[in-house]
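Peer 1:
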């Protein structure tokens, strides 16, 4: 008997060939070796394809069929003993023309029941060690215990972490600080957090009356007083700036107020002057010249965070008025302003950047008349006067171009999460998220597809970053309110809720994937939670 005939005889299943075409092989064999070998090659190819199909998960063709998943790897091995006969039964059905669907089958183990909770907190008196659920070992060498206490999920990561994701956390306290007379500035960019290629941030402090000098950027800027000292934000890679001034919050006490008076003009020569108070925003499109000056509403002045849409942005590379004029010949200055050269004898020889000054008068007394009129859309948005949407476990405010028309390239969500609650599992379809933590403590796991996941812990003053489409959550791991900002380089805020997605998908399809029971399916919400209140897990 030729080799291919012997092979065919060995792949019968209870007298029935796996592939209907095999029944024709005996006749093919009689037609000659050349034709027979060609036919055999075709059949072998069909067998390989069939084997590949049998290896894939399959849902039952019956709506009432249950879907099961292997609990243990031993079950996986035992199930292979039945796959041979299951394949024969399926192929027989295919031959009769009644159904091409494989029966529901077990394919992978169940996920671990380990809750993977946070092992300790910043305030713990425990000795942090690189041990979780029997894995790891103690740290024998020297250890920076305060950092280990702040980052339990780095020292002893949950078992759900896998693969590799770049560092997505940067404490601004680790940034080099540029000290000036009247204030200071420190920044985060790709030099210190390479994953954040699309946005960068600057934390700036101005004493009362101090001025961040007249300047402009290639990027846009959005800012305004915030919460947990005082801060502002700058914006996007297309040149948009968003600032959110920050206000100090002492252990949950009353916030200290701070405000910033801003000035600007646009390319049509229309000017703008206004004051942003704690919790407000301002936005400057790319290339729009502007200034920032701390008022004396708070004797300590203000502090703010600037966010730019270019991850490689450097605050040291902005276009400054004094820096420019110091590098223009005096006779050119005289011609430009139709003045004598002596009029410019006292201009600074180098940039001022931040410098002290008398506090500005109120807006009403500081306006400059403009024959071209004022800008058509204000650069300040009074977010502090907007009521937050109250949620089960927290609150949210969203600002984008639908409510702040001039902000065409920056969207912001201000989120609070109560103890035990979490910002629900979600992702942002097309835009990276630059986050700033104003108060409380948080845990965030980034899912980057292909089994890549990494968990990070955040405290007030930390910058976080989530690449576009990365699944994530933000869990409050402390006993005080978690308060943070989500900032995006886009005109519209968008997110996709995992819960809502599953609720709006046919239940049988969800069951086929996750083996959920009807009671759990009934808990899925067809509307977004945004923030999910704390529950008791078991």
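Residue numbers (my numbering): 62 to 599. Beta carbons are placed, not taken as given, at the ideal position from N, Cα and C, and that holds for glycine.
Under 8 Å Cβ to Cβ from residue 119, same chain only, skipping five residues before and after it: list those, please.
Peer 2: Counted from its first residue, the chain shown places residue 119 at position 58. Because residue 119 carries a pLDDT of 42, less than 50, the predicted location of this residue cannot be relied on, and the following value inherits that uncertainty. So the qualifying residues of the chain are 162, 163, 164, 165 and 166.
Peer 1: Quick one: Cα of residue 250 to Cα of residue 465, how far?
Peer 2: On the chain shown, residue 250 is found 189 positions in, with the first residue counted as 1. On the chain shown, residue 465 is found 404 positions in, with the first residue counted as 1. Each residue's alpha carbon lies about 27 Å from the other.
Peer 1: What's the gap between the Cα of residue 188 and the Cα of residue 213?
Peer 2: Numbered from 1 along the chain shown, position 127 holds the residue referred to as residue 188. Numbered from 1 along the chain shown, position 152 holds the residue referred to as residue 213. Distance between the alpha carbons of residue 188 and residue 213 is about 11 Å.
Peer 1: Do residue 512 and residue 223 have their beta-carbon atoms positioned less than 8 Å apart in this structure?
Peer 2: Mapped onto the chain shown, residue 223 falls at position 162. Mapped onto the chain shown, residue 512 falls at position 451. Result yes, Cβ atoms of residue 223 and residue 512 sit closer than 8 Å.
Peer 1: Where does residue 363 sit, in a helix, a strand or coil, going by DSSP?
Peer 2: Walking along the chain shown from the start, residue 363 turns up at place 302. Reduced to three states, the DSSP call for residue 363 is strand.
Peer 1: Grab me the residues of residue 182's own chain with a C-beta within less than 8 Å of its C-beta, minus the 5 sequence neighbours each way, in chain order.
Peer 2: Within the chain shown, the letter at position 121 stands for residue 182. Taken in chain order, the residues that qualify are 210, 213, 502, 538 and 539.
Peer 1: For residue 336, I'd like the list of residues in its chain whose CB is within less than 6 Å of its CB, leaving aside the five on either flank, ordered along the chain.
Peer 2: Position 275 of the chain shown, counted from the first residue, corresponds to residue 336. Closer than 6 Å at the Cβ level, and outside the excluded window around residue 336, lie 320, 322 and 424.
Peer 1: Whole angstroms are fine: how far does the CA of residue 328 sit from the CA of residue 438?
Peer 2: Position 377 of the chain shown, counted from the first residue, corresponds to residue 438. Position 267 of the chain shown, counted from the first residue, corresponds to residue 328. Each residue's alpha carbon lies about 14 Å from the other.
Peer 1: Classify residue 215 as helix, strand or coil using the three-state DSSP reduction.
Peer 2: Within the chain shown, the letter at position 154 stands for residue 215. Reduced to three states, the DSSP call for residue 215 is helix.
Peer 1: Let me see if you follow: with CB-CB separation under 8 Å, is residue 254 close to chain B or not?
Peer 2: No chain B appears in the structure shown, which is made up of a single protein chain.
Peer 1: Return helix, strand or coil for residue 392, following the three-state DSSP convention.
Peer 2: Numbered from 1 along the chain shown, position 331 holds the residue referred to as residue 392. The answer is helix: DSSP assigns residue 392 an H, G or I state.
Peer 1: Do residue 342 and residue 524 have their C-beta atoms closer together than 8 Å?
Peer 2: In the chain shown, counting from the first residue as 1, residue 342 sits at position 281. In the chain shown, counting from the first residue as 1, residue 524 sits at position 463. No. Outside cutoff.
Peer 1: Consult DSSP for residue 588 and reduce its assignment to one of helix, strand or coil.
Peer 2: The count along the chain shown starts at 1 and reaches residue 588 at position 527. Note: residue 588 maps to coil in three-state DSSP.
Peer 1: Should residue 134 be labelled buried (16 or more other beta-carbon atoms within 10 Å of its own) or exposed?
Peer 2: By one-based count along the chain shown, residue 134 stands at place 73. Because the pLDDT of residue 134 is 38, which lies under 50, any placement of that residue in the model is unreliable, and the number read from its coordinates should be weighed accordingly. Flag for residue 134 reads exposed.
Peer 1: For the beta strand (DSSP E) containing residue 324, list its first residue and its last residue.
Peer 2: Locating residue 324 in the chain shown gives position 263, counting from the first residue. From DSSP, the beta strand (DSSP E) with residue 324 extends over 321-326.
Peer 1: Beta-carbon within less than 6 Å of residue 571's beta-carbon, same chain only, minus the 5 sequence neighbours each way: which residues are those?
Peer 2: Counted from its first residue, the chain shown places residue 571 at position 510. Closer than 6 Å at Cβ, skipping near neighbours: 563.
Peer 1: Where does residue 232 fall in DSSP's three states?
Peer 2: Taking the chain shown and counting its residues from 1, the one referred to as residue 232 is at position 171. The answer is strand: DSSP assigns residue 232 an E or B state.
Peer 1: What three-state label does DSSP hand residue 85 in the structure shown?
Peer 2: If you number the chain shown from 1, residue 85 lands on position 24. Summary for residue 85: the model assigns pLDDT 48, below 50, so the residue's position carries little reliability; its value from the coordinates is reported in the next sentence. Helix at residue 85.
Peer 1: Assuming residue 444 contacts residue 460 (C-beta within less than 8 Å), just tell me the rounded distance between them.
Peer 2: As a working mapping, residue 444 is identified with position 383 in the chain shown. As a working mapping, residue 460 is identified with position 399 in the chain shown. That belief holds up - the Cβ atoms of residue 444 and residue 460 are roughly 6 Å apart, short of 8 Å.
Peer 1: Of the residues 199, 169, 334 and 379, which one's Cα is nearest the Cα of residue 263?
Peer 2: For this step, residue 263 is matched to residue 202 along the chain shown. Among 199, 169, 334 and 379, the Cα nearest to that of residue 263 belongs to 379.
Peer 1: In the DSSP output, which residue or residues are listed as bridge partners for residue 278?
Peer 2: Along the chain shown, one-based indexing puts residue 278 at 217. DSSP output for residue 278 lists no bridge partner at all.
Peer 1: Helix, strand or coil: how does DSSP classify residue 569 here?
Peer 2: Locating residue 569 in the chain shown gives position 508, counting from the first residue. The answer is helix: DSSP assigns residue 569 an H, G or I state.
Peer 1: If you draw a straight line from the C-alpha of residue 394 to the C-alpha of residue 350, how long is it?
Peer 2: Start at 1 with the first residue of the chain shown, and residue 394 comes out as number 333. Start at 1 with the first residue of the chain shown, and residue 350 comes out as number 289. So the two alpha carbons sit approximately 19 Å from each other.
Peer 1: Closest by CA to residue 474, which one among 385, 556 and 246?
Peer 2: For this step, residue 474 is matched to residue 413 along the chain shown. Of 385, 556 and 246, the residue nearest in Cα terms is 556.
Peer 1: So, helix, strand or coil for residue 402, using DSSP?
Peer 2: Within the chain shown, the letter at position 341 stands for residue 402. Of the three classes helix, strand and coil, the one that applies to residue 402 here is helix, per DSSP.
Peer 1: Roughly how many angstroms separate the alpha carbons of residue 594 and residue 177, rounded to a whole number?
Peer 2: For the purposes of this step, residue 594 is identified with residue 533 of the chain shown, where counting begins at 1. For the purposes of this step, residue 177 is identified with residue 116 of the chain shown, where counting begins at 1. About 19 Å.
Peer 1: Where does residue 206 sit, in a helix, a strand or coil, going by DSSP?
Peer 2: What you label residue 206 is simply residue 145 of the chain shown in a count that begins at 1. Note: residue 206 maps to helix in three-state DSSP.
Peer 1: Are the segment 387-405 and the segment 446-462 touching by the rule of at least three beta carbon pairs closer than 8 Å?
Peer 2: No, the segment 387-405 does not touch the segment 446-462.
Peer 1: Between residue 195 and residue 547, what straight-line distance do the alpha-carbon atoms span, to the nearest angstrom?
Peer 2: For the purposes of this step, residue 195 is taken as residue 134 along the chain shown, with counting starting at 1. For the purposes of this step, residue 547 is taken as residue 486 along the chain shown, with counting starting at 1. Near 36 Å, if we compare the C-alpha coordinates of residue 547 and residue 195.
Peer 1: Answer yes or no: do residue 535 and residue 478 have a C-beta to C-beta separation smaller than 8 Å?
Peer 2: Taking the chain shown and counting its residues from 1, one reaches residue 535 at position 474. Taking the chain shown and counting its residues from 1, one reaches residue 478 at position 417. Yes; because the gap between Cβ atoms is below 8 Å, this pair is in contact.
Peer 1: Within 10 Å of its beta-carbon, does residue 426 have 16 or more other beta-carbons around it, so buried, or fewer, so exposed?
Peer 2: What you label residue 426 is simply residue 365 of the chain shown in a count that begins at 1. Exposed: under 16 other Cβ atoms inside 10 Å.
Peer 1: Between the alpha carbons of residue 401 and residue 383, how many angstroms are there, rounded?
Peer 2: The sequence position of residue 401 within the chain shown is 340, counting from 1. The sequence position of residue 383 within the chain shown is 322, counting from 1. The straight-line gap from Cα to Cα measures roughly 18 Å.
Peer 1: Nearest-angstrom Cα distance between residue 622 and residue 407?
Peer 2: Only positions 62 to 599 of the chain appear in the structure, and residue 622 is not among them; the question remains open.
Peer 1: Report whether the distance from the Cβ of residue 328 to the nearest heavy atom of the ligand GDP is below 7 Å.
Peer 2: The ligand GDP is not part of the structure shown, which contains no ligands of any sort.
Peer 1: Taking residue 258 and residue 517 to be in contact with their CB atoms under 8 Å, please state how far apart those CB atoms are, rounded to whole angstroms.
Peer 2: Numbered from its first residue, the chain shown carries residue 258 at position 197. Numbered from its first residue, the chain shown carries residue 517 at position 456. Their Cβ separation, rounded to whole angstroms, is 18 Å, which puts residue 258 and residue 517 out of contact at 8 Å.
Peer 1: By DSSP, does residue 475 sit in helix, in strand, or in coil?
Peer 2: For the purposes of this step, residue 475 is taken as the residue at position 414 of the chain shown. Residue 475 falls in the strand class under three-state DSSP.
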